[in-house]
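Asker: The opening residue of the sequence shown carries number 0 in numbering that gives the first Met the number 0; numbering runs sequentially from there.
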Amino acid sequence: MSPIPRETPTMRTWLLLSFALLPFTLFACAKTAEDPNRLTVSGHVEATDVRISTKVGGRLEHFDVQEGDAVTAGQELAQIETVDVELAIAQSRAQRAAAEAELALRLAGATREEIGQAKANVQRAAADLAGAEKDLERMQGLLDRGSGTTKARDDARTRRDVAAATLESQKEALRRLQAGSRKEEIAAARARLGTTDAAIAQLDQKVRDATVTSPLAGVVTEKLAEPGELLQPGAPLCVVTDLVHAWLTVYVPGPALGRLRLGQTATVVTDDGQSRPGRIRFIASQAEFTPKNVQTRDERVKLVYEVKIALDNGDGLFKPGMPAEAQLDLTPVAGGGSAERSAP
């Protein structure tokens, strides 16, 4: 029987190294075996951008926010000058006062004093006509006796005709006062009052629209105008981005789609190792080729499905355009249910 070899220092060193490297060897083997129930996909963060524009034109009086400022829904962002609009409002209000007074007169009808004055005008016109007729008779008599002229007789006839027309005009005015305003005249007065009211309301709305507010809470990511600029209606002022409701867009291969469902949780990890929970809010119903921003050509020719993962981004960790990874659990759901898909 051969003797048992004695342990040498060299053998002892190799044994210690083998035991020391064993955990790392096992870890490497575990890493090479992919978990079929977990999928890691890369994507980019997106968020809703709202371009805020002015409804009315004019000089930009003040614009008090800067890029990077947080704003709340309804917060005032800018003010358009309203001097011209306010002058137009003053003019329209004066026109309204006149239209209102006219309508009141139409509805009230003539006063006793106005009717009395109209009767006096008729009597005066009748007296003038009687005098003019006497003058005409006298001038005609002088002409017949050879002591008058044709011009004097014609002038007297003209005065008689004017007096007769004046009398008829005064009689018509008296009849109108006694009869009151017609329905058509009252309706026209009402219409003029309504037109001025509509003009004032439109101008008041322009004044309100001159104050530009944010329709949502978010962060100003672009400032597109400066105070003093003369803007046209619809000119963009800034872009506000809703970072709180950001999402990660990823593309999932077809074989994994059946294991995903709306509302399913996910873990989203940034390049620097920070992670946040997420929830699937959208699963495309149609396949597409992998977008061009994927690095390799082999990946771009694969058919994939777009998936959007809503992020918990109250602290603003995720920024639009930021790359991140989503870890998705593909463990089959009990009962074999298929994935729910959102409409595109």
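The beta carbon of each residue, even a glycine, is placed where N, CA and C say it ideally should be.
It should be emphasised that the depicted structure is a prediction, and the values quoted were computed from it without experimental measurement.
1. Which residue comes first and which comes last in the beta strand (DSSP E) that contains residue 307?
2. Mapping the DSSP letters down to three states, classify residue 254 as helix, strand or coil.
3. Quick one: is residue 294 buried, meaning 16 or more other Cβ sit within 10 Å of its Cβ, or exposed?
4. Identify which residue in 67, 54, 192, 70 has its Cα closest to the Cα of residue 81.
5. Have a look at the DSSP bridge pairing and note the partners of residue 275.
6. Does the structure place the region 44-64 close enough to the region 238-249 that three or more beta carbon pairs sit under 8 Å?
7. Look up residue 168 in the DSSP assignment and say whether it is helix, strand or coil.
8. Do residue 45 and residue 323 have their C-beta atoms within less than 8 Å of each other?
9. So residue 264 and residue 252 are in contact, right, with Cβ under 8 Å, and what is the actual spacing, rounded?
10. Thinking C-beta only, is residue 210 closer than 8 Å to residue 75?
11. Using DSSP's beta-bridge definition, name the partner residues of residue 50.
12. State the DSSP-derived secondary structure class of residue 30, mapped to helix, strand or coil.
13. Report buried or exposed for residue 59, applying the criterion of at least 16 other Cβ atoms within 10 angstroms of its Cβ.
14. With a threshold of 8 Å on Cβ separation, who are the neighbours of residue 286 within its own chain once the five nearest residues in sequence on each side are excluded?
15. Considering residue 115, what are the terminal residues of the beta strand (DSSP E) in which it resides?
16. Note down the Cα distance separating residue 413 from residue 242, rounded to an integer number of angstroms.
17. Please return the same chain residues whose Cβ sits closer than 8 Å to the Cβ of residue 91, not counting the five positions on each side in sequence.
18. Go to residue 231, then tell me how far its beta strand (DSSP E) extends in each direction, as first and last residue.
19. Would residue 318 and residue 281 be called neighbours here (beta carbons separated by less than 8 Å)?
20. Just mark residue 42 as buried or exposed, buried being the case when its beta carbon has 16 or more other beta carbons within 10 Å.
21. State the Cα-Cα distance for the pair residue 128 and residue 176, rounded to the nearest angstrom.
22. Are the Cβ atoms of residue 102 and residue 189 separated by less than 8 Å?
23. So, at 6 Å on beta carbons, what are the nonlocal neighbours of residue 84 in its own chain, with the 5 sequence-adjacent residues on each side left out?
24. Taking all protein chains shown into account, decide if residue 327 is buried (16 or more other Cβ within 10 angstroms of its Cβ) or exposed.
25. Distance, Cα to Cα, residue 297 vs residue 250?
26. Mind checking which residues open and close the beta strand (DSSP E) that includes residue 78?
27. What are the residues that DSSP puts in a beta bridge with residue 187?
Answerer: On the basis of the coordinates in this document:
1. As a first step, residue 307 is located in the sequence shown; it is residue number 308 there, counting from the start. Note, residue 307: beta strand (DSSP E), 302-310.
2. Residue numbering aside, residue 254 sits at position 255 when the sequence shown is read from its first letter. It is helical.
3. The sequence position of residue 294 within the sequence shown is 295, counting from 1. Confidence is the limiting factor: at residue 294 the pLDDT is only 47, short of 50, which leaves the residue's position unreliable and the question unanswerable from this model.
4. By one-based count along the sequence shown, residue 81 stands at place 82. Nearest C-alpha to residue 81: 54.
5. As a working mapping, residue 275 is identified with position 276 in the sequence shown. BP columns for residue 275 point to 267.
6. The region 238-249 vs the region 44-64: in contact.
7. If you number the sequence shown from 1, residue 168 lands on position 169. Reduced to three states, the DSSP call for residue 168 is helix.
8. Here residue 45 refers to the residue found at position 46 when the sequence shown is read from its first residue. Here residue 323 refers to the residue found at position 324 when the sequence shown is read from its first residue. Against a cut-off of 8 Å, the Cβ pair of residue 323 and residue 45 comes out as no contact.
9. Counting from 1 along the sequence shown, the entry for residue 264 is found at position 265. Counting from 1 along the sequence shown, the entry for residue 252 is found at position 253. Not really, about 20 Å apart at Cβ, beyond 8 Å.
10. The sequence position of residue 75 within the sequence shown is 76, counting from 1. The sequence position of residue 210 within the sequence shown is 211, counting from 1. Yes.
11. As a position in the sequence shown, residue 50 is number 51, starting the count at 1. DSSP lists 238 as partners of residue 50.
12. Here residue 30 refers to the residue found at position 31 when the sequence shown is read from its first residue. Residue placement at residue 30 is flagged as unreliable, the pLDDT there being 36, under the threshold of 50; the coordinate-derived value follows with that caveat. Three-state DSSP puts residue 30 in a helix.
13. As a first step, residue 59 must be located in the sequence shown, where it is residue number 60. It counts as buried.
14. Along the sequence shown, read from residue 1 onward, the residue named residue 286 stands at position 287. Correct list, in chain order: 253, 302, 303, 304.
15. The residue labelled residue 115 in the question sits at position 116 within the sequence shown. Looking at the DSSP string, residue 115 is not in any beta strand (DSSP E); the run it does join, the alpha helix (DSSP H), is 111-144.
16. There is no way to answer for residue 413, as the model of the chain reaches only from 0 to 343.
17. Sequence index remark: in the sequence shown, residue 91 carries index 92 (1-based). Taken in chain order, the residues that qualify are 195, 198, 199, 202.
18. By 1-based counting over the sequence shown, the position of residue 231 is 232. Going by DSSP, residue 231 is part of no beta strand (DSSP E) at all; its letter is neither H nor E.
19. Taking the sequence shown and counting its residues from 1, the one referred to as residue 318 is at position 319. Taking the sequence shown and counting its residues from 1, the one referred to as residue 281 is at position 282. In this structure, residue 281 does not lie closer than 8 Å to residue 318 by Cβ.
20. The count along the sequence shown starts at 1 and reaches residue 42 at position 43. By the neighbour-count rule (16 or more Cβ atoms within 10 Å), residue 42 is buried.
21. Sequence index remark: in the sequence shown, residue 128 carries index 129 (1-based). Sequence index remark: in the sequence shown, residue 176 carries index 177 (1-based). For residue 128 and residue 176, the distance between alpha carbons rounds to 22 Å.
22. The count along the sequence shown starts at 1 and reaches residue 102 at position 103. The count along the sequence shown starts at 1 and reaches residue 189 at position 190. For residue 102 and residue 189, yes; Cβs fall inside 8 Å.
23. The count along the sequence shown starts at 1 and reaches residue 84 at position 85. So the qualifying residues of the chain are 202, 205, 206.
24. Taking the sequence shown and counting its residues from 1, one reaches residue 327 at position 328. In this structure residue 327 is buried. Its beta-carbon is surrounded by 16 or more other beta-carbon atoms within 10 angstroms.
25. Within the sequence shown, residue 297 is the residue found at index 298, counting from 1. Within the sequence shown, residue 250 is the residue found at index 251, counting from 1. In this prediction, residue 297 scores a pLDDT of 48, lower than 50, which makes its location untrustworthy; no coordinate-derived value is stated.
26. In the sequence shown, counting from the first residue as 1, residue 78 sits at position 79. Boundaries of the beta strand (DSSP E) harbouring residue 78: 75-79, taken from the DSSP string.
27. Residue numbering aside, residue 187 sits at position 188 when the sequence shown is read from its first letter. Looking at the DSSP assignment, residue 187 forms no beta bridge with any residue, so it has no partner.
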